[in-house]
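Data first, discussion second: the structure below is written as structure tokens.
Protein chains: 4
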Amino acid sequence: MSDKSIQKKKYITQTARRVFMEKGYRQVTMKDIVEACQISRGGLYLYFQNTGEIFEEVLKLEQEEADDVFGQNIPGEAMPSDILALFLKEQKKELLSRGPSLNKAIYEYFFENRTAGKENLLKKQFDAAVHVIEKLIQAGIQEGEFYCEDPAGAARNIMYVLEGLKIAAQTRQIPEAAVDREILYVMQGLFLEE
Amino acid sequence: MSDKSIQKKKYITQTARRVFMEKGYRQVTMKDIVEACQISRGGLYLYFQNTGEIFEEVLKLEQEEADDVFGQNIPGEAMPSDILALFLKEQKKELLSRGPSLNKAIYEYFFENRTAGKENLLKKQFDAAVHVIEKLIQAGIQEGEFYCEDPAGAARNIMYVLEGLKIAAQTRQIPEAAVDREILYVMQGLFLEE
Amino acid sequence: MSDKSIQKKKYITQTARRVFMEKGYRQVTMKDIVEACQISRGGLYLYFQNTGEIFEEVLKLEQEEADDVFGQNIPGEAMPSDILALFLKEQKKELLSRGPSLNKAIYEYFFENRTAGKENLLKKQFDAAVHVIEKLIQAGIQEGEFYCEDPAGAARNIMYVLEGLKIAAQTRQIPEAAVDREILYVMQGLFLEE
Amino acid sequence: MSDKSIQKKKYITQTARRVFMEKGYRQVTMKDIVEACQISRGGLYLYFQNTGEIFEEVLKLEQEEADDVFGQNIPGEAMPSDILALFLKEQKKELLSRGPSLNKAIYEYFFENRTAGKENLLKKQFDAAVHVIEKLIQAGIQEGEFYCEDPAGAARNIMYVLEGLKIAAQTRQIPEAAVDREILYVMQGLFLEE
DNA sequence: CATGAATGAGAGTTCATTCAT
DNA sequence: GATGAATGAACTCTCATTCAT
């Protein structure tokens, strides 16, 4: 594929991304994307055969950008509890954001395409986050901030709660306070209890 | 509406329910339901204008039947921890069942129709379950089985984890052991720690 | 299927027949037939799924009408040679007719759908004609008109020549004289040679 | 046209020939040929405007190669009847061969393009074959092998039967025995009958 | 009420053909 | 000459929705 082709494919992917954010996954037709991209019907088919392929490309792009969720903006001397709190705050912000997000489309897509472990973005991101949180908890224990007998279990628990909250936010109105409360709850479980 | 009409509407709703279980929500067309019900195309329109209306009727029906989730099969002299374990086991069974369930359709529906709190079945069932679990925990504390400083928070935590697990099961392959592990984790958090 | 449906299906079939006569088989699209019938796109699909199905229906119709090719217009006291000559003349007329005929479409269809013996119209008509010609030749022998040691072979020979002529007429310009010459040739082979 | 151009045109023609053998005439698209030739879409248009032009070029090539159908492999001292038998055997082999042949495509093409006599390959080959067979029959008469009052008529009869058989083989399943029977029949007609 | 034939909008898809590079 | 991206017309097929019976 030529350089220009790659550029165009990227252009289509990014344009389609916006369409998916607005309309979710299933709702989107090839026509929608053709129109958003302002290209010809046939032109789109040069790059993608169906909306599924396009969405998968969007996911790839998403993944690349998401790989450094944690790595950024973390001051070197920050305490583990601060980093965790920052991460949770970030998650909260995203799940409450009323603006269009890809979340809905992603869930719609995976409802239809329960792909096996390795290629499943949802699982990958989940596992990656669990891993990072676990490391944070361990660091917190060493620092004397946290007390926890099962850091891996605690990390998974946090992520399942977050996933539950995400779905809740996506499928019913959920007040910010409710999210805060849940986040507080899981954080408190980590601190030493006297 | 005549008595016969009511019967027919119920018949359509129940038949459509099976269709939704098989195909989810979005995928289902009026044609699918007409064919499943073996009624005429026009006939269906006498009762429902679109698949959304039908699904809402299915949800109503669901709600009525679901109102007594807990009330059944619980031996009077059972310990709270046993009842809770039973409930979690029940949930586990449902979320792992590979057979058709309404879950997927329900999530698909609420992804598209983030209806406000009061009428939102998902929220209602969630809140109801939280309430029951909270009562159980309180009973467990009194019985000396559980130790918990925030029964309401613990109950919500359990339910969010369950919702997260439900989504995980729906969107990626999840082994039974993983579900067991999470359930065990939340249960252990309730027992007295020495 | 209701009576009205049957009527409409017949109407479509007959209208489509004309389309096939004009354009052959492959060339014809569902759209062509929709337009010729002046019905809606979807309307046609109520009766047929693709042009193949329509053409098969046309063939059925053809077959019913063709079943009495020989039976008509034959004066009771006619000599076998006269009847045979009449049949050959009939065939000649058809194969030379410049007006649109179904021939081209039929061959196109069977080029693509070399269906097995039993359902193959081409084979059926061929075999039926061979059988009738054989009977005629036998009758002619008894009457003392013909001499022939292998009536069945002669009958098949005649039909293969006719098929060859039909194709020739369809695929290149063939003068009437050429057809006459071939017909004469096969007829002469039947008469007693002194 | 440069030398290189001529080479390329020949390359395209020969590659397209294989495509036509596989898919017939109508079915083949410019895209098919572009892909088979592994050249660019635009490149093909430098040489041919449509599949018809390409097929005509294929036919020309065919014609050149076919000009010496009879001339080869015939031992000088062979009897006419042997040569004729050999030719018929050759024809039989070809018409029964289940492998891909150009036959179908050729008929499809001429069904659509009933070109006038001079340029019509089908007619040319037919007439050429008739001529050779006629010569053979005459030679056979002189040798005392054959008896025939109308060698030209007999030759034409043989060729029409062959054409009929070819079509039959192409459009319905025909057993080898049936072909043998017809060939035997026309051969026997040539031998002296006592 | 109930039927189901009919409509037509719209999605998907494929190709012949052009044209800037 | 040669390339291959791009276009747009044309076709297939499916459904929501209507309406005469």
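Residue numbers (my numbering), protein chains in the order written: chain A, 1 to 194; chain B, 1001 to 1194; chain C, 2001 to 2194; chain D, 3001 to 3194. Glycine included, each C-beta is placed from N, C-alpha and C at the ideal position.
Considering only T1015(B), K1010(B), M1021(B), I1006(B), the residue with the shortest C-alpha distance to N1103(B) is M1021(B). Each residue's CA atom was taken as its position, placing N120(A) and V34(A) some 27 Å apart. For V132(A), the closest C-alpha among the options L59(A), L84(A), T51(A) is that of L84(A).
Shown here, F3126(D) sits in a helix according to DSSP, grouped into three states. Identification of chain C residues near T3171(D) by a Cβ-Cβ cut-off of 7 Å yields Y2107, F2110, F2111, R2114, L2122, ordered along the chain. In the three-state reduction of the DSSP assignment, F48(A) falls in the coil class. L95(A) is not a Cβ neighbour of C148(A), given a cutoff of 7 Å. Considered as a whole, the region 3096 to 3148 of chain D harbours 3103 to 3112, 3121 to 3143 as its complete alpha helix (DSSP H) runs of no fewer than 4 residues, in chain order. Interface annotation, Y3045(D): not in contact with chain C, CB-CB separation never under 7 Å. Around Y1109(B), the same chain offers Y1025, F1055 as residues with beta carbons nearer than 6 Å, after the five sequence neighbours per side are excluded. Looking at the DSSP output, F1087(B) shares a beta bridge with no other residue. Assignment of beta-bridge partners to F2191(C) by DSSP yields F2146(C). A check of alpha carbon separations from P2151(C) across R3041(D), E3182(D), S3081(D) identifies E3182(D) as the nearest. The DSSP-derived three-state label of Q7(A) is helix. G164(A) is positioned such that its CB atom lies closer than 7 Å to that of Y1160(B). In this structure the region 1006 to 1020 of chain B lies against the region 1037 to 1046 of chain B, because at least three pairs of beta carbons, one per stretch, are closer than 8 Å. Contact annotation: in the region 2012 to 2036 of chain C, residues whose CB is within less than 9 Å of a CB in chain D are G2024, R2026, Q2027. For G1164(B), the enclosing alpha helix (DSSP H) covers residues 1151 to 1171.
For V2161(C), the residues of chain D that pass the 7 Å Cβ criterion are N3157, Y3160, V3161, G3164, in the order they occur in the chain. Apart from the 5 residues on each side of it in sequence, Q91(A) sits with its Cβ closer than 7 Å to the Cβ of L162 in its chain, given in chain order. Residue burial is scored here from C-beta neighbours: T51(A) has at least 16 other C-beta atoms within 10 angstroms and is therefore classed as buried.
Using a CB distance cut-off of 7 Å, G2140(C) does not count as an interface residue toward chain D. With its beta carbon at least 7 Å from every one in chain B, G99(A) lies outside the interface. Taking a beta-carbon distance threshold of 7 Å, I2137(C) does not count as an interface residue toward chain D. Judged by DSSP secondary structure, A3036(D) falls within the alpha helix (DSSP H) whose first and last residues are 3030 to 3037. For G3052(D), no Cβ of chain C is located within less than 7 Å of the residue's own Cβ. In its chain, beyond the 5 residues on either side, I2174 have a beta carbon closer than 7 Å to the beta carbon of A2168(C).
Chain D places a beta carbon closer than 7 Å to that of Y2185(C), counting this residue as a contact.
Relative to S101(A), the option among K9(A), K10(A), I158(A), V58(A) whose CA is nearest is V58(A).
Excluding five sequence positions before and after P80(A), the CB atoms of its chain that fall closer than 8 Å to its own CB belong to L136, I137, A139, G140, E143, E145, F146, given in chain order.
Counting only Cβ-Cβ distances below 7 Å, A1168(B) has contacts in chain A at E163, in chain order. Counting every other CB atom within 10 Å of its CB across the protein chains shown gives L3046(D) a total below 16, marking it as exposed. Counting only Cβ-Cβ distances below 7 Å, K8(A) has no contacts in chain B at all, with the closest Cβ about 30 Å away. What E3057(D) touches in chain C, judged by beta-carbon distance under 9 Å, is nothing: the nearest beta carbon there is about 19 Å away.
With contacts defined as CB atoms closer than 7 Å, L1061(B) and R172(A) fail to qualify as a contacting pair.
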